[in-house]
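Chains as they are written, first to last, in our numbering: chain A, 88 to 711; chain B, 3 to 263.
In what follows, a structure is listed as structure tokens, so that the remarks can point back to it.
Here's what the structure looks like:
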């Protein structure tokens, strides 16, 4: 607005200037003229120009109060030769320029500047500048507003608010998982070209999706901010889902563009009419491209955590409003036939973040990772669509299997609470398929390794177990010692007793030997008794047994081996004399003979008894 | 004839001793079965605090058993009290070093504590002897030793008494072999008992314990160990114990920080 008024004013002056020039002719006078905008706002930079229409030295600038000198003074010179009606005028122009910035509110006088021309001191006019509050002249708030860096070497300036980059957030206090949109807009008063994004925004802590398509032509529209008309274009649009709670900062978008700024004249005639005339856009249509770096200010998003009360066990971060639907294509199959399980989550919210469902299939089923496809529409209003999980299941073993119900939980933003949807439970009947062996190639055997799903300690000992008094150890106890000592003692007792017994057993022969005479005598005494009683039969039996028994006992001969020959040989081996052996054998023969011979026996009995007694006694003596 | 009668008498005597000792082991078992059953039921229904109480009441009565300590360790484990779980597993292991379940659960519990200390390598013979000793409890070794001794004596008796040459030879050599085994078992029981009597270990109960350079609160901090860490008690002065951890580091710790196994 201000510019337009200024423009009209300048054109008016130009026309008046022309008329004046013709009237007054060219009366040259050395002047130093200061000029600047009369009204500025705090923080605005503007140009203060002193123009000298002659050659001058020792320019002394004014003492500036209320303004900061950003740069200057620059000195520039121009000379022009004018030929008009045969008169030629050579005019030299000096100009001294400051770029100033108002730093506080108020009305400030800029005192005159001085310059020496031909040893004369020329004094300029003083200028009064009214500095106004920021905001009255400046559109927009401080957020999102950046000052362009004045990189140009020339005196070309762009106003701080000519080009702006701003970021808009739909909601600065979302819940964790709630979608928000961020839009970066460019506001410009001047034509802008060659937009280059030097830094794309980054969204740490967010899941982000860009809504602007590449190569899309920017939609332009106009918007009036604080009475100033701007051309606005949406540069970037994003949908964001906060992944965690807390203060999250979005690193801003940075861009560089070429702002087309109208050139300000370097050559000044000192005559404002001329200046304005030639500097008018009608004559001077050239624009100077000025590189501007723009940066939107960082956005701070306060993400609220989801309520901690009543969180379902399977909650995996889904926030929004969803429906859950599962579909099993068949429930009766044969082994090795595939079953399709389709799960659809549809609705509004952070759909893309739902990456899996907690299906647990029976272990004898061969399963694969689900095929995930989605149909998602994103707009500023949010993200909606559906996420589809397709599971391929192949039962390998026949039987009846139950596919457990699977819960799907999300946080409902409208109801502000957790909602759990559950799939139906499916029963799958698997029959034994035919040609199983032909279809399947087993590598190696069809044994399967046990799959470990989790780890835990082993269960307690449930059966009854014995306890004992603590500190009671078997080792070193009395029982232990007794167990050690008693068997050893018993063993040694056993050895001792066994030794004794076997020694005695080896003495049996001697004992029999000793007893032989005793038994023989006993028998002879018995025979003597029968002799007195004249019992012939008993007498001969006793005598015979006395003789044979004596030999048997004496030489440890078994009864079966008792014969004349044996007796003879045994006696010879025992070194009994020949005649005694003969005597003994004769006695034995006589006894047998007398025993079985008929006739008178009483006389013989007496003789046989005496012989037997004599021969035993003799052998006894001989063997000792 | 009296020598032949001696052998049956000998065996009869052994049998009587056997029966008496077995009977004495199981004498007071039945009285505490109720308490054990109470603990087991509490554990199975997930009431671990009650299980701990039931088992602990048996322990305070001065009773012990590998299974009892094992169950108590399990209850503490389920209560997520790792230091006590480890303590009771270690106590169970002390009674029966070869128990597989105890070793398994102890390893699981040890994997859940803060400290992971690399043990110092031991001399291989010592390590072998230790692992051999730890196969069974001291009492199991002692019983095995005695059983083998009895077998050896019986076989020697056959050698002595038999008049058949094959039996005599067999009796002598098998008797000799079993006697060697018996001696080995008794030696293992003895070494196991030795380490049980001399090596006193403890489990750190407090969450974080600073080990000092000397038995004094003001002395230099050497290192920090955490709950569940097993330490060997080397020496003690008053309430201060000199401890050694498996990597060989030594320091002093106040008594309140650990519980003896």
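We put the CB at the ideal spot given by N, CA and C, even for glycine.
Bear in mind that the values here come from a model prediction, so they are computed numbers and not experimental data.
- Look at residue 552(A) and residue 70(B) and say whether their C-beta atoms are less than 9 Å apart. By 1-based counting over the first chain, the position of residue 552(A) is 465. By 1-based counting over the second chain, the position of residue 70(B) is 68. Yes, these two residues count as a Cβ contact at 9 Å.
Against residue 110(B), what residues of chain A qualify as contacts under a CB-to-CB distance less than 9 Å, listed in chain order? For the purposes of this step, residue 110(B) is taken as the residue at position 108 of the second chain. What residue 110(B) touches in chain A: 542, 543, 544, 545.
I want to see whether chain B comes within less than 9 Å of residue 715(A), judged by CB atoms only; does it?
The structure shown does not extend to residue 715(A), since chain A spans only 88 to 711, so no value can be given for it.
- request: Pull up the distance between the alpha-carbon of residue 60(B) and that of residue 192(B), whole angstroms please.
  value: In the second chain, residue 60(B) corresponds to position 58, counting from 1. In the second chain, residue 192(B) corresponds to position 190, counting from 1. Roughly 29 Å between the two C-alpha positions.
Along chain A, which residues have their Cβ under 7 Å away from the Cβ of residue 67(B)? Position 65 of the second chain, counted from the first residue, corresponds to residue 67(B). In chain order: 552, 553, 554, 555.
- Item | For residue 652(A), the first and last residue of its enclosing alpha helix (DSSP H) | Stepping through the first chain from its first residue, residue 652(A) is reached at position 565. Segment 651-660, the alpha helix (DSSP H) holding residue 652(A).
Q.
Starting from residue 203(B), trace the alpha helix (DSSP H) in both directions and tell me its first and last residue.
A. As a first step, residue 203(B) must be located in the second chain, where it is residue number 201. First-last for residue 203(B): 202-206, but that is the beta strand (DSSP E), not the alpha helix (DSSP H).
Does any C-beta atom of chain A lie closer than 9 Å to the C-beta of residue 89(B)? As a first step, residue 89(B) is located in the second chain; it is residue number 87 there, counting from the start. Judged by the 9 Å Cβ criterion, residue 89(B) is not in contact with chain A.
Check: What does residue 582(A) reach in chain B if we use C-beta pairs closer than 9 Å?
Finding: Indexing the first chain from 1 puts residue 582(A) at position 495. Within 9 Å Cβ-Cβ: 158, 159, 162.
Query - Proximal chain B residues relative to residue 653(A), where beta-carbon distance stays under 7 Å - result: Locating residue 653(A) in the first chain gives position 566, where the first residue counts as 1. Result: empty, since nearest Cβ-Cβ is about 27 Å, beyond 7 Å.
Checklist line | Counterpart residues of residue 435(A) in DSSP-defined beta bridges | finding: Looking up residue 435(A) in the first chain gives position 348. For residue 435(A), which the question treats as bridged, DSSP gives the partners 408(A), 471(A).
- Message: So the candidates are 482(A), 330(A), 274(A); which of them puts its Cα closest to the Cα of residue 381(A)?
- Response: Counting from 1 along the first chain, the entry for residue 381(A) is found at position 294. Checking every option, the nearest Cα to that of residue 381(A) belongs to 274(A).
| query | According to the neighbour-count rule (16 or more other Cβ atoms, all chains shown, within 10 Å of its Cβ), is residue 122(B) buried or exposed? | reply | Translated into the one-based positions of the second chain, residue 122(B) becomes position 120. Result: exposed.
Is there a Cβ of chain A sitting closer than 9 Å to that of residue 263(B), yes or no? Counting from one through the second chain, the residue named residue 263(B) turns up at place 261. Not one chain A Cβ lies under 9 Å of residue 263(B).
- Message: What are the residues in the stretch 128-162 of chain B lying within 8 Å of chain A by C-beta distance?
- Response: 140, 141, 143, 144, 145, 148, 151, 152, 155, 158, 159, 162
- Under the three-state reduction of DSSP, which class applies to residue 546(A): helix, strand or coil? Within the first chain, the letter at position 459 stands for residue 546(A). Of the three classes helix, strand and coil, the one that applies to residue 546(A) here is coil, per DSSP.
Counted within 10 angstroms of its Cβ, other Cβ atoms place residue 642(A) as buried (16 or more) or exposed
Locating residue 642(A) in the first chain gives position 555, where the first residue counts as 1. Buried, since its Cβ has 16 or more Cβ neighbours within 10 Å.
Less than 9 Å between the beta carbons of residue 422(A) and residue 482(A), yes or no? Looking up residue 422(A) in the first chain gives position 335. Looking up residue 482(A) in the first chain gives position 395. Closer than 9 Å, so yes.
Measuring only between beta-carbons, confirm whether residue 548(A) sits less than 9 Å from chain B.
-> Here the question's residue 548(A) lines up with position 461 in the first chain. Yes - at least one Cβ of chain B is within 9 Å of the one on residue 548(A).
Alpha carbon of residue 55(B) to alpha carbon of residue 37(B), nearest angstrom
Along the second chain, read from residue 1 onward, the residue named residue 55(B) stands at position 53. Along the second chain, read from residue 1 onward, the residue named residue 37(B) stands at position 35. When rounded, the distance between both Cα atoms is 10 Å.
| Which residues in the same chain have their Cβ closer than 7 Å to the Cβ of residue 449(A), if we skip the five residues on either side of it in sequence? | To locate residue 449(A), count along the first chain from 1; it is residue 362. 488, listed in sequence order.
Query raised in the report: Within the 9 Å Cβ cut-off, does residue 560(A) reach chain B?
Result: Stepping through the first chain from its first residue, residue 560(A) is reached at position 473. Output row for residue 560(A): interface = yes.
Is there a C-beta anywhere in chain A that falls below 9 Å from the one on residue 202(B)? In the second chain, counting from the first residue as 1, residue 202(B) sits at position 200. Not an interface residue.
* Put residue 274(A) into one of helix, strand or coil per three-state DSSP. => Within the first chain, residue 274(A) is the residue found at index 187, counting from 1. If DSSP states are grouped into helix, strand and coil, residue 274(A) belongs with the strands.
Problem - Exposure label - residue 231(A); buried when at least 16 CB within 10 Å - result: By one-based count along the first chain, residue 231(A) stands at place 144. Any reading at residue 231(A) needs caution, since the residue's pLDDT is 35, under 50, leaving its predicted position unreliable; the model's value is listed next. It is buried - the Cβ of residue 231(A) has at least 16 other Cβ atoms within 10 Å.
Counting only the same chain and skipping the five closest in sequence on each side, list residues whose C-beta sits under 7 Å from that of residue 629(A).
The sequence position of residue 629(A) within the first chain is 542, counting from 1. Only 610, 613, 614, 617 meet the Cβ criterion.
Quiz prompt | Cβ-based contacts, 7 Å cut-off: residues of the stretch 630-647 of chain A near chain B | solution = none
By the criterion of Cβ-Cβ separation under 8 Å, what are the contact partners of residue 191(B) in chain A?
Residue mapping note: residue 191(B) aligns to position 189 of the second chain, counting from 1. Ordered by position in chain A, the residues that pass the 8 Å Cβ test against residue 191(B) are 562.
* Asked: Between which two residues does the beta strand (DSSP E) carrying residue 466(A) extend?
  -> If you number the first chain from 1, residue 466(A) lands on position 379. Note, residue 466(A): beta strand (DSSP E), 458-466.
In three-state DSSP terms, what is residue 159(B)? Here the question's residue 159(B) lines up with position 157 in the second chain. Helix, per DSSP.
- Item | 8 Å Cβ shell around residue 251(B) - same chain, five flanking residues per side excluded | Here residue 251(B) is taken as the residue at index 249 of the second chain, counted from 1. Hits under 8 Å: 213, 224, 225.
> Does any CB atom of chain A fall closer than 9 Å to the CB of residue 35(B)?
Replying inline: Against the second chain, residue 35(B) aligns to sequence position 33. True, the Cβ-Cβ gap to chain A drops below 9 Å.
(message) I'd like to know if residue 27(B) contacts chain A, where contact means its C-beta is closer than 9 Å to some C-beta of that chain.
(response) The residue given as residue 27(B) occupies position 25 in the second chain. Residue placement at residue 27(B) cannot be trusted, given a pLDDT of 49 that sits under 50; what the coordinates show is reported in the next sentence. Judged by the 9 Å Cβ criterion, residue 27(B) is in contact with chain A.
Next on the checklist: Using a Cβ-Cβ distance cut-off of 9 Å, determine whether residue 70(B) contacts chain A.
Outcome noted: Translated into the one-based positions of the second chain, residue 70(B) becomes position 68. Yes, residue 70(B) lies at the interface with chain A (some Cβ there is under 9 Å from its Cβ).
Original post:
In its own chain, which residues sit with a C-beta less than 7 Å from the C-beta of residue 216(B), not counting the 5 before and 5 after it?
Top reply: Counted from its first residue, the second chain places residue 216(B) at position 214. Closer than 7 Å at the Cβ level, and outside the excluded window around residue 216(B), lie 254.
Identify each residue in the stretch 563-577 of chain A for which the Cβ-Cβ distance to at least one residue of chain B is less than 8 Å, and report them in chain order.
563, 566, 567, 569, 570, 571, 573, 574, 575, 577
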